[in-house]
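Counting from 53, one number per residue, gives the positions in the sequence shown under this note's numbering.
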Amino acid sequence: MSDAPSNRPLVWIPREVHADAVADLETWADVRRGWGADATTEAEIAPLAQGVLLRTARLDAEQLRRMPRLRIVARHGVGTDTVDTVFAREHGIRITTTPEANVLSVAEHAIALLMAVRRGVGAAAAGTADRAALVGGELSGSTLGLIGYGRIARRVARIARGGFDMRVLAFDPAVPDDDVRADGAEPRALDDLLAEADAVSVHVPLVAGTGGLLGAAQFRRMRPHAVVVNTSRGGVVDEEALAAALDAGEIGGAGLDVSEVEPMPADHPLRGRANVLVTPHIGGQTREAMRRVALEAAASLRAELSR
Numbered sequence: 053m054s055d056a057p058s059n060r061p062l063v064w065i066p067r068e069v070h071a072d073a074v075a076d077l078e079t080w081a082d083v084r085r086g087w088g089a090d091a092t093t094e095a096e097i098a099p100l101a102q103g104v105l106l107r108t109a110r111l112d113a114e115q116l117r118r119m120p121r122l123r124i125v126a127r128h129g130v131g132t133d134t135v136d137t138v139f140a141r142e143h144g145i146r147i148t149t150t151p152e153a154n155v156l157s158v159a160e161h162a163i164a165l166l167m168a169v170r171r172g173v174g175a176a177a178a179g180t181a182d183r184a185a186l187v188g189g190e191l192s193g194s195t196l197g198l199i200g201y202g203r204i205a206r207r208v209a210r211i212a213r214g215g216f217d218m219r220v221l222a223f224d225p226a227v228p229d230d231d232v233r234a235d236g237a238e239p240r241a242l243d244d245l246l247a248e249a250d251a252v253s254v255h256v257p258l259v260a261g262t263g264g265l266l267g268a269a270q271f272r273r274m275r276p277h278a279v280v281v282n283t284s285r286g287g288v289v290d291e292e293a294l295a296a297a298l299d300a301g302e303i304g305g306a307g308l309d310v311s312e313v314e315p316m317p318a319d320h321p322l323r324g325r326a327n328v329l330v331t332p333h334i335g336g337q338t339r340e341a342m343r344r345v346a347l348e349a350a351a352s353l354r355a356e357l358s359r
């Protein structure tokens, strides 16, 4: 436990983050960790915590209610679905995210999943498919559809166009068509994008209106060789409908870094398929990104708690 003076703001970090961020926090805050030999439990820290650096843990309304001094939850990432945002807003608790820090790593992972599924890398590496069946497809010259056109999607578009000469389509009602065109991509309505794309990469948050955004009706519109990639949030893709679409041959494969339940259960119907590659939400988990994200979250805590 920290020996910092008691008049410093108290920050709780439930799960391990980059050491550089912890060291930065310790220069001005009383830092309590949820891991290691001097771990502090949530029950111990709840009455005292003024800030939380939240990585993969969750904070629901009941947990937040037990933290009467809490002023800020600094998310280690871009999503806020692990925090009860309604309770936080009603009680004046600020929630921050790190929208810039892991853009490159998640974008690279999306491309890696797409390449791996198109080339059958998972089955090839596992030795579960006959060599004659391992005939993949090239990315070069094919069409990539992006659902959502924020920071990560734009970086995916740059890699796809610059590295593979892919044609890029984008659907995002919040982004003006002229902005999409300025990047060299082509705006499309969702149904048209699904019908034209050889691969669809999902880049939207899980909020009201995006749950099950890709479901049975959407998969039926896609090309039979098309690949679905999801590095955003699991609930955006209807996993039952995805499994059914794969069984019916309506689409060609999927690369998933996120799932409705994480980690994806071993007996999940999407497991064990030669044309599906599942990774355990590691899109932003590079050495470089983990440091950037943690430091950005730490900076948000300092900005709020130093006021």
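C-beta: ideal position from N, C-alpha, C; glycine also. Bear in mind that the values here come from a model prediction, so they are computed numbers and not experimental data.
Can you tell me the Cβ-Cβ gap for residue i and residue j, rounded? I've got them flagged as a contact below 8 angstroms.
{"i": "Pro-99", "j": "Asp-82", "result": "Not confirmed; about 14 angstroms, so no contact."}
{"i": "Ala-135", "j": "Leu-106", "result": "One detail in the question is off: residue 135 reads as Val in this sequence, not Ala. That belief holds up - the Cβ atoms of Val-135 and Leu-106 are roughly 7 angstroms apart, short of 8 angstroms."}
{"i": "Val-288", "j": "Leu-266", "result": "7 angstroms"}
{"i": "Pro-120", "j": "Glu-94", "result": "The Cβ separation is near 14 angstroms, so there is no contact."}
{"i": "Ala-234", "j": "Val-220", "result": "The pair is not a contact, with the Cβ atoms about 13 angstroms apart (cut-off 8 angstroms)."}
{"i": "Leu-116", "j": "Ile-145", "result": "7 angstroms"}
{"i": "Ala-181", "j": "Ala-278", "result": "The pair is not a contact, with the Cβ atoms about 20 angstroms apart (cut-off 8 angstroms)."}
Just to confirm, is the Cβ distance from residue i to residue j under 8 angstroms?
{"i": "Ser-157", "j": "Glu-340", "result": "yes"}
{"i": "Leu-294", "j": "Arg-273", "result": "no"}
{"i": "Thr-195", "j": "Ala-349", "result": "no"}
{"i": "Val-125", "j": "Ile-147", "result": "yes"}
{"i": "Leu-242", "j": "Phe-271", "result": "no"}
{"i": "Ser-311", "j": "Gly-335", "result": "no"}
{"i": "Val-63", "j": "Gly-103", "result": "yes"}
{"i": "Ile-163", "j": "Ile-211", "result": "yes"}
{"i": "Ala-177", "j": "Leu-186", "result": "no"}
{"i": "Ala-75", "j": "Ala-346", "result": "no"}
{"i": "Arg-354", "j": "His-70", "result": "no"}
{"i": "Leu-77", "j": "Ala-101", "result": "no"}
{"i": "Arg-213", "j": "Gly-189", "result": "no"}
Mark residue i as exposed unless 16 or more other C-beta atoms lie within 10 angstroms of its C-beta, in which case mark it buried.
{"i": "Asn-59", "result": "exposed"}
{"i": "Met-53", "result": "Here Met-53 scores only 46 on pLDDT, less than 50, and its place in the model should not be relied on; the value that follows carries that caveat. The residue in question, Met-53, is exposed, as its Cβ has fewer than 16 Cβ neighbours within 10 Å."}
{"i": "Asp-217", "result": "exposed"}
{"i": "Ser-284", "result": "buried"}
{"i": "Pro-228", "result": "exposed"}
{"i": "Asp-55", "result": "Reliability of the predicted coordinates at Asp-55 is poor, the pLDDT of 46 falling under 50, and the value obtained from them is presented with this limitation in mind. Asp-55 is exposed by the Cβ-count criterion."}
{"i": "Pro-57", "result": "For Pro-57, the predicted model reports a pLDDT of 45, less than 50, meaning its position is unreliable and no value from the coordinates is stated."}
{"i": "Glu-39", "result": "Residue 39 lies beyond the stretch modelled for the chain, which goes from 53 to 359, so this question has no answer here."}
{"i": "His-183", "result": "The sequence given here places Arg at residue 183; His does not occur at that position. Classification of Arg-183: exposed, given that the 10 Å Cβ count is below 16."}
{"i": "Gly-324", "result": "exposed"}
{"i": "Asp-319", "result": "exposed"}
{"i": "Ala-226", "result": "exposed"}
{"i": "Asp-250", "result": "buried"}
I need the boundaries of the beta strand (DSSP E) containing residue i, first residue and last residue.
{"i": "Asp-229", "result": "That residue, Asp-229, is in no beta strand (DSSP E); its alpha helix (DSSP H) goes 229-234."}
{"i": "Arg-219", "result": "219-223"}
{"i": "Arg-171", "result": "Here Arg-171 belongs to no beta strand (DSSP E); instead the alpha helix (DSSP H) covers 155-171."}
{"i": "Leu-242", "result": "Unbroken run through Leu-242 is the alpha helix (DSSP H), 242-248; no beta strand (DSSP E)."}
By the DSSP assignment, the alpha helix (DSSP H) with residue i in it spans what residues?
{"i": "Gly-215", "result": "203-216"}
{"i": "Thr-338", "result": "Element bounds for Thr-338: n/a, residue is neither H nor E."}
{"i": "Thr-137", "result": "137-142"}
{"i": "Asp-76", "result": "71-78"}
{"i": "Ala-113", "result": "113-117"}
{"i": "Arg-84", "result": "Not the alpha helix (DSSP H): Arg-84 falls in the beta strand (DSSP E), residues 82-85."}
Review point. Between the segment 287-307 and the segment 328-348, are three or more C-beta pairs nearer than 8 angstroms?
Key: Result yes; three or more Cβ-Cβ pairs closer than 8 angstroms.
Review point. Is the segment 253-267 in contact with the segment 197-208, if contact means three or more CB pairs nearer than 8 angstroms?
Key: With a cut-off of 8 angstroms, the segment 197-208 and the segment 253-267 count as touching, because enough Cβ pairs lie within range.
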